[in-house]
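Structure first, commentary second.
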């Protein structure tokens with residue numbers, strides 16, 4: 004085994020930024036994803052210059068600290084106590100608007116932090132203390148777009164209509180799962196609402212899918228399994244039978260069922276915050292813009 008003394012000069016950055024840093028008194032190499040990744044399964048790493056090998060093993064000591072957590076994705080979905088509310092926050096027009104909004108900003112400017120803060124995992128956090136009444140009126144749904152997966156719902160010898168319906172089905176499954184998850188988060192912080200939520204009858208959704216469960220405890224698991232099977236179909240659509248696709252009205256009906264059976268949420272509406280929207284293909288963007 005050969006030891007190699009690492010330095011920036013001996014490394015080639017592949018879609019990353021490479022720099023030296025000091026951690027616990029030791030000089031280390033810091034590798035951070037740099038560029039937007041648009042291609043399916045595109046690599047991000049740093050490699051030694053002038054060295055290639057096959058069927059070998061590279062041993063690297065991985066170091067981390069609280070300082071290295073500089074991306075919103077590294078904090079989880081509950082950002083209570085982590086998100087520093089900026090002075091301009093109370094004046095954000097998007098907090099009152101029911102129309103589509105686009106949040107723009109450079110890398111690391113806090114776009115993801117903001118929309119995760121606005122979403123149900125943070126707004127209904129058990130660590131938040133008293134939940135303001137207006138939090139129940141505007142319920143945030145965070146959707147981190149899986150660009151690698153979305154990108155393969157295109158061409159590959161299939162008609163455009165198939166991939167359009169598949170993309171809509173993906174959205175319906177993900178949004179419905181998040182809406183169900185928001186109910187569980189509300190149950191954790193509001194006992195009165197919980198008494199209604201646990202008894203919701205979802206049987207009205209059987210008009211879309213005769214096999215879908217009617218109970219809260221089972222519907223989320225069912226949607227999750229359905230999404231896993233959908234992912235498998237997308238990857239092997241020529242070999243597997245087409246699954247039952249949900250149209251967007253499935254989500255509308257789910258929301259109507261909740262609002263009609265939970266008094267606290269009777270006037271609520273859901274705001275969907277899409278991360279990585281800009282990397283969708285033009286057809287997928289048009290679909291999202293019609294929702």
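In the numbering used here, the protein residues as written are 4 to 294.
Note that beta-carbon positions come from the ideal geometry of N, C-alpha and C, so glycine has one too.
Under the three-state reduction of DSSP, residue 14 is assigned to strand.
Remark: C-beta atoms of residue 279 and residue 173 do not approach each other more closely than 8 Å. Measuring C-alpha to C-alpha distances from residue 267 to each of 151, 17, 253, 142 identifies 142 as the nearest. Non-local C-beta neighbours of residue 188 in its own chain, meaning closer than 7 Å and more than five positions away in sequence, comprise 123, 124, 127, ordered along the chain. If you compare the alpha carbons of 181, 29, 238 with that of residue 160, the shortest gap goes to 238. In the structure shown, residue 92 falls within a helical segment according to DSSP collapsed to helix, strand and coil. Shown here, residue 164 sits in a helix according to DSSP, grouped into three states. A residue is called buried when at least 16 other Cβ atoms come within 10 angstroms of its Cβ; residue 162 does not meet this threshold and is exposed.
Nearest to residue 277 by alpha-carbon distance, out of 8, 19, 117, is 117. Taking residue 262 as reference, the option from 164, 165, 183 with the minimal CA-CA separation is 183. Here residue 281 is not near residue 207, since their CB atoms are 8 Å or more apart. Residue 144 is classed as buried because its beta carbon has at least 16 other beta carbons within 10 Å across all chains shown. Between residue 249 and residue 176 the beta-carbon gap is near 6 Å, inside 8 Å, which marks them as a contact. In this structure, residue 260 lies near residue 205, with their beta-carbon atoms less than 8 Å apart. Note on geometry: alpha-carbon atoms of residue 186 and residue 224 lie some 14 Å from one another. In this structure, the beta-carbon distance from residue 271 to residue 226 does not fall below 8 Å.
Shown here, residue 228 sits in a helix according to DSSP, grouped into three states. Minimum Cα-Cα distance from residue 202 among the listed residues 167, 113, 275, 264 corresponds to 264. Under DSSP, residue 146 takes part in a beta bridge, and its partners are 277.
Residue 8 has its alpha-carbon roughly 43 Å from the corresponding atom of residue 234.
In this chain, the alpha helix (DSSP H) harbouring residue 120 covers 114-120. In the DSSP assignment, residue 49 falls within the unbroken beta strand (DSSP E) covering 48-51. Counted as a single uninterrupted DSSP element, the alpha helix (DSSP H) harbouring residue 262 occupies residues 252-264. The straight-line gap separating the alpha-carbon atoms of residue 113 and residue 89 is approximately 10 Å. Within the model, the alpha-carbon separation for residue 294 versus residue 171 is close to 10 Å. When the Cα atoms are used, residue 119 and residue 275 turn out to be separated by approximately 11 Å. Annotation for residue 198: the continuous alpha helix (DSSP H) segment containing it runs 194-200.
If you look at residue 105, you'll find it isn't in any alpha helix (DSSP H); DSSP assigns it neither H nor E. In the three-state reduction of the DSSP assignment, residue 128 falls in the coil class. In the DSSP assignment, residue 22 forms a beta bridge with 33.
Looking at 181, 121, 17, 150, the one whose alpha-carbon comes closest to that of residue 138 is 121.
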